[in-house]
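2 protein chains.
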Amino acid sequence: MMITTKGRNALKVMIDLARHEGEGFISLADIAVRQNESLKYLESSAKQLSTSGLVVSARGKSGGYKLSRPAEDYTVAEILLSGEGSLAPVSCLEEGSAPCENACTCATLPLFKELDEVIMNFLNSKTLKDLI
Amino acid sequence: MMITTKGRNALKVMIDLARHEGEGFISLADIAVRQNESLKYLESSAKQLSTSGLVVSARGKSGGYKLSRPAEDYTVAEILLSGEGSLAPVSCLEEGSAPCENACTCATLPLFKELDEVIMNFLNSKTLKDLI
DNA sequence: TATAATTCCCATATAATCGGTAGGGATTGG
DNA sequence: CCAATCCCTACCGATTATATGGGAATTATA
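In structure tokens, the structure reads:
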């Protein structure tokens, strides 16, 4: 499976924030209850989204998270990428991975490159707004 | 990543067999050399293909494997499925997995169902013959 | 100023999966 | 009988997945 709980939780946080767009900062505790997920585990996804610049965070009392742009300006691809690091269907297509020494003769690489494109085209065509 | 060495090796075996279609039984030792893979590791993929009925095996001296149908009659999807067991992009879409108790309220499930369809449509549209 | 709420940071734990390796059994053509 | 070949089972180290837990830093507000 390509998408783990990290990506799924990143998406759940973003969807919840999008549903409460314009309501100021939303606390993770609220999101955890609504999405039926562990607060502690959501923290890592939320922090990653914040580091990636996809959300703005505010610490301290009445703090929380909010979207940094309108919901329709996010692609699903960038949200999942923030959570997962990579969405490549095979490890040899991950950015930064050691290039496979058999790449030039590998009988399967062209296929997986195509598959990667198909997946990314789909995920780039969907916006956060489409999910709410 | 969704495709592991199991699926990739299944594909490599099938591609090699397709390239030698009509030459009778091909030994795994030959395939291992040509594909630059460990014989021992390929054995598990080949056995799985045999169990799935995608190839015919012959034991004993001058034995080996051969395709059970013409190369153009295999979809890439069924080959990868034989090696991987499942190609679902998330665990909750895997057949036989315990159904997620949040399925009816999960904000992300519809998206992943669509993604699964996109992936399977692509992999079903490709045949083994397309790869050689 | 004290308190409570909140994000942020780091460490730990457990289970599963990945990517093989090893050894030998069963079968069969020559 | 022998060598080649597939078949079966067990194991193993490394990594990843899926969290949990403790507490530090920050901030609004009473």
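So the protein lines, in turn, are chains A and B. Per this note's numbering, numbering through the first sequence is continuous, rising by one, with the last residue being 134. Per this note's numbering, numbering through the second sequence is continuous, rising by one, with the last residue being 134. All C-beta atoms in this analysis are idealised placements derived from N, C-alpha and C, irrespective of residue type, glycine included. From a predicted model like this one, the values you see are computed outputs, not experimental measurements.
- Taking the C-beta atoms as reference points, residue 78 of chain B is found no nearer than 8 Å to residue 68 of chain B.
- For residue 60 of chain A, there is no enclosing alpha helix (DSSP H); the enclosing beta strand (DSSP E) covers residues 57 to 60.
- Close CB contacts of residue 65 of chain B within its chain, under the 8 Å cut and outside five residues either way in sequence, are with 27, 29, 59 (chain order).
- Just so you know, the alpha carbons of residue 125 of chain B and residue 127 of chain A end up roughly 20 Å apart.
- With a minimum length of 3 residues, there is no unbroken run of beta strand (DSSP E) contained wholly in the segment 71 to 122 of chain B.
- Excluding sequence positions up to five before and after residue 22 of chain B, its CB lies within less than 7 Å of the CB of 28, all in the same chain and listed in chain order.
- Counting only the Cα atoms, residue 42 of chain A lies some 38 Å from residue 84 of chain B.
- Non-local C-beta neighbours of residue 33 of chain A in its own chain, meaning closer than 7 Å and more than five positions away in sequence, comprise 15, 18, 44, ordered along the chain.
- For residue 17 of chain A, the chain B residues whose C-beta falls within less than 8 Å of its own C-beta are 109, 110, listed in chain order.
- Per DSSP, the continuous beta strand (DSSP E) segment holding residue 68 of chain B begins and ends at 66 to 69.
- Only residues of its own chain outside the window of five on either side were considered, and among them 73, 130, 134 have a CB closer than 6 Å to the CB of residue 20 of chain B, listed in chain order.
- The beta carbon of residue 7 of chain B lies closer than 6 Å to none in the same chain, with the five residues before and after it left out.
- Residues of the segment 82 to 94 of chain B whose Cβ lies closer than 8 Å to any Cβ of chain A, in chain order: 88, 90, 91, 92, 93.
- Across the segment 10 to 37 of chain B, CB contacts with chain A closer than 7 Å involve 10, 13, 14, 17, in sequence order along the chain.
- Relative to residue 56 of chain B, the option among B:12, B:89, B:104, B:90 whose CA is nearest is B:12.
- Going by C-alpha positions, residue 46 of chain A is about 37 Å away from residue 47 of chain B.
- Scanning chain A for C-beta atoms nearer than 9 Å to the C-beta of residue 56 of chain B yields nothing, as the closest lies near 16 Å away.
- Here residue 91 of chain A is buried: its Cβ has 16 or more other Cβ atoms, across all protein chains shown, within 10 Å.
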